[in-house]
Amino acid sequence: MFTTHARPSAIRRFLESQSSAGIVLMGAALIALLIANSPFGPGYADLLHAMVGPLSLGHWINDGLMAIFFLLVGLEIKREMLDGQLSTWPRRILPGVAAAGGMMVPALIYLALNRGPTASGWAIPAATDIAFALGVIALLGKRVPASLRVFLAALAIIDDLGAVLIIAVFYTAGLSLPDLAGAGVAVAVLVALNRFGVQRLSPYLLVGLILWVFVLRSGIHATLAGVVLAFTIPMTCTPSTSDADGKSPLHRLEHWLHIPVGFLVVPIFGLANAAVPVLGLPPGALVAPVTLGVAAGLVIGKVIGVFGFATVAIRLGLADMPAHAGRLQLLGVALLCGIGFTMSIFITLLAFPDSLLLQSEAKIGVLAGSFLSGLTGYVLLRYAKRDRAHG
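Sequential numbering from 7 applies to the sequence shown in this note's numbering.
Set out below in structure tokens:
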């Protein structure tokens, strides 16, 4: 049963910050689309390709700033797995089963429409954007039970973990063994810092920066360095080294990162990557297999996967319906899981690194699918009644 008895104030603050960040991200995506389809579009594209030191501005955003985003994702995954809504197996079952369905079915729908080179984009519709989804839920206020918000947050955390594993396994090529060795040494140092009970964050962040450089050069996507760093940050603290409020290094860092990531890093990513020049694309791009595969995966696949798998788990007695929630409300949340903006666009860049046309087609699919999912999910949740059998 999903309840909110464990540290409700912390959960409430987390959900509220994610919701607000989602609304900011919506605005950033809209601004990017308007710029890309205005007379300023070509100049904006040139700006993103401008070199700043060894990397272009776009690469600094996607490889650098997004490593901070993945650091926060890793911290949230670790906290929830060790001391949160995913800390016990009964709590993991419903969001875990729903997340698995929500990743597999969209991928299968995409592959049903795409063969050959475009098949590499199968993971694009498998992601859920928690900030966007919670931003929509924030607009609904008390119409959505708190248990469903927690369920959505837990599902998105597991979804993020799956996306991280997909990136590490399927979107890594051309490895540099010397740089991998350097990354391995950096990881060993981070583990040693953790084992020896080092509580100061500065040594972890310094070694984490070195790890990022090695990973960037190794052929593995640099953002994964943020996840590895997060998993080594201590979640426990000692009385002699903890702050006056008794917070562990992990909780301190997570608290510090929420606002800059939600209101700076992710919106900048949206500004840089949602700038799709729709008016300049070939007419066929709007109905291309990549576009349709991504959009159908998000709109149809997520609903079938999340709602279908969750319903089966509940009916088999493997998990309980979230408290005070009805089936239509669960269906509405499943629709919101089709909002896949941030992680979906990020995977798009990895799936089609050498084709701006395929990137644009996938981004159109992400934007269209996310919009339709968000709109239908909002309407259903706004007018759905709580199921008396579970209310």
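Ideal placement from N, C-alpha and C gives every residue a C-beta, glycine not left out.
Item                                                                                                                                                               : Value
Start and end of the alpha helix (DSSP H) containing ILE143?                                                                                                       : 136-146
Give the range of the alpha helix (DSSP H) segment to which SER182 is assigned.                                                                                    : Unbroken run through SER182: none, as it is neither H nor E.
Per DSSP, what kind of secondary structure is SER366 in: helix, strand or coil?                                                                                    : helix
Suppose contacts are defined by Cβ-Cβ distances below 8 Å. Is LEU263 in contact with LEU77 by that definition?                                                     : yes
Pull up the CB-CB distance for HIS257 and TYR177, whole angstroms please, since I reckon it's below 8 Å.                                                           : Not confirmed; about 31 Å, so no contact.
Under 8 Å between the Cβ atoms of ALA390 and GLY338?                                                                                                               : yes
Is it buried or exposed for ALA113, if we count other Cβ within 10 angstroms and need 16 for buried?                                                               : buried
Whose C-beta lies closer than 6 Å to the C-beta of ASP135 among residues of the same chain, with five residues either side of it excluded?                         : ILE345, GLY346, PHE347 and THR348
Measuring alpha carbon to alpha carbon, tell me which of LEU183, SER182, MET72 and LEU215 ends up nearest VAL195.                                                  : LEU215
With ALA280 and LEU54 assumed to form a contact (beta carbons below 8 Å), what rounded beta-carbon distance in angstroms separates them?                           : Their Cβ separation, rounded to whole angstroms, is 12 Å, which puts ALA280 and LEU54 out of contact at 8 Å.
Kindly indicate which residue of LEU324, ARG223, ARG121 and VAL293 has the alpha-carbon position closest to the one of ILE61.                                      : This sequence places Leu at residue 61; Ile is not what is there. The option with the nearest alpha carbon to LEU61 is ARG223.
From this set, ALA104, ASP165, LEU71 and GLU82, which residue's C-alpha is nearest SER350's C-alpha?                                                               : ASP165
Are the segment 270-290 and the segment 308-327 touching, with three or more C-beta to C-beta distances below 8 Å?                                                 : no
Give the straight-line distance between the Cα atoms of ILE115 and ALA198, rounded to the nearest whole angstrom.                                                  : 44 Å
Quick one: give me the first and last residue of the alpha helix (DSSP H) that HIS264 is part of.                                                                  : 255-266
With which residues is MET72 paired in a DSSP beta bridge?                                                                                                         : Beta-bridge pairing links MET72 to no other residue.
Output the distance between the C-alpha atoms of LEU292 and MET241, rounded to the nearest integer angstrom.                                                       : 47 Å
Within the chosen definition, does the segment 120-127 reach the segment 147-161 through at least 3 CB pairs nearer than 8 Å?                                      : no
Rounded to whole angstroms, what is the Cα-Cα separation between GLY299 and ALA35?                                                                                 : 21 Å
Output needed for PHE220: all residues of its chain with C-beta closer than 7 Å, excluding positions within five of it in sequence on either side, in chain order. : ASP185, GLY188, ALA189 and ALA192
Mapping the DSSP letters down to three states, classify MET241 as helix, strand or coil.                                                                           : coil
Decide if MET109 is buried, meaning its Cβ has at least 16 other Cβ atoms within 10 Å, or exposed.                                                                 : buried
Since ILE99 contacts ALA319 with CB under 8 Å, what's their CB separation in whole angstroms?                                                                      : 6 Å
Can you tell me whether GLY252 is buried or exposed, with buried defined as 16 or more other CB within 10 angstroms of its CB?                                     : exposed
Enumerated in chain order, which unbroken segments of the alpha helix (DSSP H) with a length of 4 residues or greater are wholly contained in the segment 36-89?   : 47-55 and 72-89
Have a look at LYS308, TRP128, GLY168 and PHE275 and flag the residue whose alpha-carbon is nearest the alpha-carbon of ILE80.                                     : According to the sequence provided, residue 80 is Gly. The question's Ile does not apply to it. Nearest of LYS308, TRP128, GLY168 and PHE275 to GLY80, Cα basis: GLY168.
What residue does the alpha helix (DSSP H) around VAL221 start on, and which one ends it?                                                                          : 207-224
Just how far apart, CA to CA, sit ALA104 and GLY332?                                                                                                               : 16 Å
Determine the closest residue to ALA236 out of VAL170, GLY127 and LEU378, with distance taken between C-alpha atoms.                                               : VAL170
Let's see if you can read the secondary structure: which residues bound the alpha helix (DSSP H) around GLY108?                                                    : 95-119
Please return the same chain residues whose Cβ sits closer than 7 Å to the Cβ of LEU287, not counting the five positions on each side in sequence.                 : SER366
Do GLU127 and PHE358 have their CB atoms nearer than 8 Å?                                                                                                          : The question names Glu, but residue 127 in the sequence shown is Gly. Result yes, Cβ atoms of GLY127 and PHE358 sit closer than 8 Å.
Considering only residues of the same chain and omitting the five flanking positions on each side of ALA137, which have a CB-CB separation below 6 Å?              : GLN24, ALA27, GLY28 and LEU31
Would you mind working out which of MET57, ILE41, LEU71 and GLY49 sits nearest THR229, comparing C-alpha positions?                                                : LEU71
Hey, how far is the Cα of LYS308 from the Cα of GLN335?                                                                                                            : 15 Å
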